[in-house]
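Using the numbering used here, the first residue of the sequence shown is number 55, and each one after it goes up by one.
For each residue, glycine too, the CB sits at the ideal point set by N, CA and C.
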Amino acid sequence: MNCFKVRKSFVRTLKFHYTHTRFISEIQQKIKNSYYAMYGDVLLSGSRIGQLLDETADKYGDKTAFISMHQDISKNYSEFRNEADRLASGFISLGLRRGDRIGICSPNCYEWPLTQFAAAKAGLILVNLNPAFQSNELAFCLNKASCKALVISDAFKTQDYYKMLLQIAPDLSENKSEKIQSNNLPHLERVIIMSDKKKNGILNFKDVLNNGNKESATILAETEKLIQFDDPVNIQFTSGTTGEPKGAVLTHHNLVNNALLGGRRFGYNMMKYIVCCQLPLFHSFGCVHISLTTVFYQGTCVFPCAGFDAVSSLQAVEKYRCSIIFGTPTMYVDLLNNYKSGEYNISSLNRGILGGAAAPPALVEDIRKILRIPNLQVGYGATETSPAVACNKLIDNFENVTKGILQPLEYVETKVINDKGHVVPINAQGELCVRGHVVFRGYWQEKNPSKQAPDKLRWYHTGDLAVMNEYGYIRIVGRIKDMIIRGGENIYPLEVESYISTHPAVLEIHICGVPDERMGEEACAWIHVKKGMSLNEEEVKEFCKGKISHFKIPRYIMFVEDFPKTHSGKIKKFEMSKISAEKLNL
């Protein structure tokens with residue numbers, strides 16, 4: 055017995071020594087060239103999305119899964135799984151089969167994740183459609199993806215989706231059948247609306263939820279057995295800032311493992327959390343790192359309202375004691391502007407996660423200081439990378455957060471290359487490329503080979519300029535296409551934006567290039583000044599002198615209250631350049 059105890063103790067000591075030594079060696083290990091890949095302490099998952107829901111519902115059925123504050127809906131995992139199965143069976147009863155595309159065009163609501171998981175269980179490919187789309191944009195995406203069915207909201211803000219469909223397919227109003235036919239939407243057969251109103255050619259969501267039968271249930275059970283983790287499950291259209299949107303094809307493997315490893319990086323595995331969902335679910339950041347990751351880690355997801363509203367978010371955090379909040383930098387700016395200490399009790403927030411765009415250091419400081427969120431993390435990714443590529447660790451120093459110095463996720467390969475495709479030394483700028491489980495399969499039905507990413511070696515070229523340090527951490531310094539070349543000198547707008555944003559009067563700033571006969575290009579800054587404060591061109595330039603190189607100081611400065619943006623909130627730099635040139639008579 056004593057010998058056994060000694061052996062057990064010895065084994066424990068060896069394990070500790072091995073783990074501790076390995077940990078120290080990993081910390082001290084440095085790289086010389088800008089290539090990095092890290093293994094993880096968990097294996098990649100071979101699960102499918104529907105399987106994740108079943109496993110969570112089996113173990114945590116009574117736990118609250120989704121709360122929609124604006125709809126007054128609350129569902130636990132047993133209820134959610136039951137309704138997802140019923141809706142999946144309903145989809146099958148309509149003739150939808152494995153591999154068919156089903157679009158969803160809706161703001162945030164309970165029906166969104168329900169459709170997401172039901173489609174995955176039925177083997178369908180969910181096509182995310184921006185609820186801000188106009189009729190021509192909606193028609194393009196539906197036809198590009200050959201959607202056989204469409205789930206739509208009744209209305210959102212100024213959008214009436216039934217009227218929009220009538221603009222695309224006027225003959226829909228005369229359709230007496232529940233199966234539509236339109237030359238303008240040749241692939242679309244079923245339209246399902248989240249409403250109790252009866253409309254020609256349209257099915258009601260609740261009717262489809264209750265439309266399943268024994269035959270469709272049997273087909274569903276058989277289908278779930280056939281689904282493979284490499285099967286496509288999602289098509290997400292890129293913003294189309296420079297042309298028509300492209301549909302990125304993502305698999306169960308892409309999304310499940312992004313949820314697995316992204317969730318661990320966010321610390322989901324260390325706490326039972328309640329997340330406040332401000333992000334739109336049609337965006338990959340929302341539908342993966344909120345709804346899917348919530349189910350993966352048995353959390354609770356709260357939808358404050360249909361579209362982002364800072365006051366509703368603050369109310370939801372207080373009412374449901376949310377512990378995590380996600381948001382883009384612009385969302386956090388609005389939260390700060392609407393938050394007044396004492397009016398809202400948001401002390402339950404333990405973690406704030408920023409993504410979707412570069413976060414100015416001054417904003418990150420304000421979030422910690424004013425909102426008093428103790429743990430802040432900044433994520434980086436793209437639609438084509440499922441979406442997360444890198445994020446700072448919870449144990450990283452705060453400087454990593456403010457400067458956006460991020461560690462790639464486990465099992466993700468990253469490299470920084472020059473314009474010849476060669477890997478550059480550490481701390482040298484170049485294009486960031488990504489390979490591994492996060493990389494999408496390609497663009498749906500994209501016939502132009504030049505657009506068919508990833509490349510032959512499965513590297514996805516992000517178009518982002520990055521720097522990698524000796525520990526493999528990356529820092530995004532700008533977009534290649536946004537770079538301004540002034541008299542042979544390269545100006546990276548993000549660098550200049552980050553500095554000027556530290557001025558106490560600056561609420562938001564974006565910089566674009568404008569033509570110049572002598573220099574080729576000059577920098578033009580658009581600045582939104584904080585309410586109650588003033589700022590002029592001379593003050594901005596004086597603020598920059600001696601702090602950033604003289605050639606980086608914007609020659610032109612325009613004071614604005616809004617910026618041209620895509621439907622997903624990205625800044626249209628090319629449109630800024632066009633407007634600036636016109637106003638400046640260049």
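At a Cβ-Cβ threshold of 8 Å, S402 and V371 count as neighbours. R155 sits in a strand when the DSSP states are folded into three classes.
The beta strand (DSSP E) runs lying completely inside the stretch 500-570 and spanning 3 residues or more are 514-522, 528-533, 538-540, 543-545 and 560-570, given in chain order. By the C-beta density criterion, L192 is buried, having at least 16 other C-beta atoms within 10 angstroms.
In this structure L315 touches G94 by the C-beta definition: roughly 7 Å separates them, less than 8 Å.
The beta strand (DSSP E) runs lying completely inside the stretch 418-480 and spanning 3 residues or more are 429-435, 442-445, 459-462 and 466-471, given in chain order. For G517, the closest C-alpha among the options Y525, K117, S552 and N472 is that of N472. Rounded to the nearest whole angstrom, the CA to CA distance from F194 to I256 is 20 Å.
Straight-line spacing of the CA atoms in L168 and H337 works out to 16 Å. A direct Cα-to-Cα measurement between A203 and R244 gives close to 5 Å. Between A360 and F210, the C-beta spacing is below 8 Å. Two segments are said to touch when three or more pairs of C-beta atoms, one from each, lie closer than 8 Å; by this definition the stretch 94-105 does not touch the stretch 217-232.
For L368, the uninterrupted alpha helix (DSSP H) run begins and ends at A364 to Y374, by DSSP.
Y216 and D208 have their alpha carbons spaced roughly 7 Å apart. Of the residues assessed, H491 falls on the buried side of the cut-off, its CB having 16 or more other CB atoms within 10 angstroms. For C487, the three-state secondary structure derived from DSSP is strand. For V356, the uninterrupted beta strand (DSSP E) segment begins and ends at T354 to F357. In the DSSP assignment, H307 falls within the unbroken alpha helix (DSSP H) covering H306 to R319. Membership of R140 in any beta strand (DSSP E) is not indicated; the residue belongs instead to the alpha helix (DSSP H) covering Y131 to S147. Using a C-beta cut-off of 8 Å, the stretch 257-271 makes contact with the stretch 127-143, since at least three inter-stretch Cβ pairs fall below that distance.
Selection L183, D284, V287 and A416 evaluated against I554 yields A416 as nearest (Cα-Cα). DSSP places P167 inside the alpha helix (DSSP H), whose first and last residues are E165 to K175. Note that the C-beta distance between I179 and L274 is not below 8 Å. Separation of the CB atoms of T437 and T292 is rounded to 6 Å, and the pair is thereby assigned contact status at 8 Å. Between the alpha carbons of N254 and L148 lies a distance of about 17 Å. Between R155 and A199, the gap from beta carbon to beta carbon is short of 8 Å. Between R405 and I328, the C-beta gap is not smaller than 8 Å, which leaves the two residues out of contact. Out of F628, I206, L519 and K637, the CA that lies nearest to the CA of G435 is found in L519. Three or more pairs of CB atoms, one per stretch, sit closer than 8 Å, so the stretch 564-571 contacts the stretch 545-552.
Contact annotation: I421 and Y386 have beta-carbon atoms nearer than 8 Å.
The Cβ atoms of I534 and E485 lie closer than 8 Å to each other. Taking 8 Å as the cut-off, the Cβ atoms of G623 and T384 count as close.
Contact annotation: R152 and L280 have beta-carbon atoms nearer than 8 Å. The DSSP assignment places 259-263 and 268-280 as complete runs of the alpha helix (DSSP H) inside the stretch 255-284, in order along the chain (cut-off: 4 residues). DSSP lists no beta-bridge partner residue for T212. In the DSSP assignment, L183 is bridged to C159.
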